[in-house]
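Residue numbers (this note's numbering): 4 to 167.
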Amino acid sequence: MVRAVVAPLFVVVALLGAACSKPVDLKKALSIAEINAGYFDAGIVDGRNKLVPSVTFKLKKSIDDDLRPLSLNVAFKRLPAPGAGEEDFDESFIQGITFNGSETAPITVRPKAGYTGDPPQSRADMLKNSQFRDIRVHVFAKHGSAQWTEIGTVDLPRHLIVQP
Numbered sequence: 004m005v006r007a008v009v010a011p012l013f014v015v016v017a018l019l020g021a022a023c024s025k026p027v028d029l030k031k032a033l034s035i036a037e038i039n040a041g042y043f044d045a046g047i048v049d050g051r052n053k054l055v056p057s058v059t060f061k062l063k064k065s066i067d068d069d070l071r072p073l074s075l076n077v078a079f080k081r082l083p084a085p086g087a088g089e090e091d092f093d094e095s096f097i098q099g100i101t102f103n104g105s106e107t108a109p110i111t112v113r114p115k116a117g118y119t120g121d122p123p124q125s126r127a128d129m130l131k132n133s134q135f136r137d138i139r140v141h142v143f144a145k146h147g148s149a150q151w152t153e154i155g156t157v158d159l160p161r162h163l164i165v166q167p
């Protein structure tokens, strides 16, 4: 009879302790490292060459706390013309980010949206086109029920990434 009362009580106390733990400041706890960015050759789509923005990075944490569940929202934004604001381009949502010690495995993010060019325009020519708009990546993280926190930005260089 005592076990029947103690076991549920222990579970309730453990859950209350977890729920009352202080929130983690992700801006201080996480950093983006080992960044490789550019434009990935997505092949030929509907007879046109397609390039998509691509960013690969690792997350490093400076605390020993377990950050599960950790989610990322990676927002791709077109850089503005002078005097204008950034323009939404696409975004990717990733759940279940796990750490091996203090860092993650490489995380590659490529949105579905991209740039297309009609042949005979090469992919290198597409990057030089006067209509091409550069992309900035904003990486947001969320731990548990906390609010989204921006942990870094990356301006994509204009070069081709040919590795998958």
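By construction, the Cβ of each residue, glycine as well, lies at the ideal position given by its N, Cα and C atoms.
Give me the DSSP bridge partner(s) of residue i.
i             : result
serine 34     : Lys63
aspartate 91  : Lys80
aspartate 44  : Leu54
serine 74     : Lys145
threonine 101 : Paired residues: none, contrary to the question.
arginine 139  : Lys80, Asp158
Taking the alpha-carbon of residue i as reference, which of the options has the nearest alpha-carbon?
i              : options                       : result
glutamate 37   : Pro56, Lys31, Phe60, Gly46    : Phe60
valine 27      : Pro72, Val58, Ala45, Asp49    : Pro72
glycine 88     : Phe143, Glu153, Ile138        : Ile138
alanine 84     : Phe135, Arg113, Leu70         : Phe135
isoleucine 66  : Val77, Ser34, Ser74, Asp44    : Ser34
lysine 64      : Val157, His146, Leu159, Phe92 : His146
glycine 104    : Lys131, Leu62, Gly86          : Leu62
lysine 31      : Asp68, Pro56, Gly50, Val48    : Asp68
isoleucine 154 : Val48, Asp49, Val77           : Val77
glycine 50     : Gly86, Gly99, Gln124          : Gln124
Look at the Cβ atom of residue i, then the Cβ atom of residue j, and state whether they are nearer than 9 Å.
i                : j           : result
glutamate 94     : arginine 81 : no
alanine 116      : leucine 29  : no
threonine 119    : leucine 54  : yes
isoleucine 97    : leucine 75  : yes
leucine 159      : valine 58   : yes
phenylalanine 92 : proline 56  : yes
Tell me, to the nearest whole angstrom, how far the beta carbon of residue i is from that of residue j; I am working on the premise that it is less than 8 Å.
i             : j                : result
arginine 113  : aspartate 44     : Arginine 113 to aspartate 44, Cβ: 11 Å. No contact.
valine 140    : phenylalanine 79 : 6 Å
proline 122   : asparagine 52    : 7 Å
threonine 152 : alanine 144      : 6 Å
Measure from the C-beta of residue i to each C-beta in chain C and report whether the shortest distance is under 9 Å.
i             : result
histidine 141 : This model lacks chain C altogether, as it is built from one protein chain only.
Taking 8 Å as the threshold, find out whether the segment 95-109 comes into contact with the segment 40-48 through three or more Cβ pairs.
no
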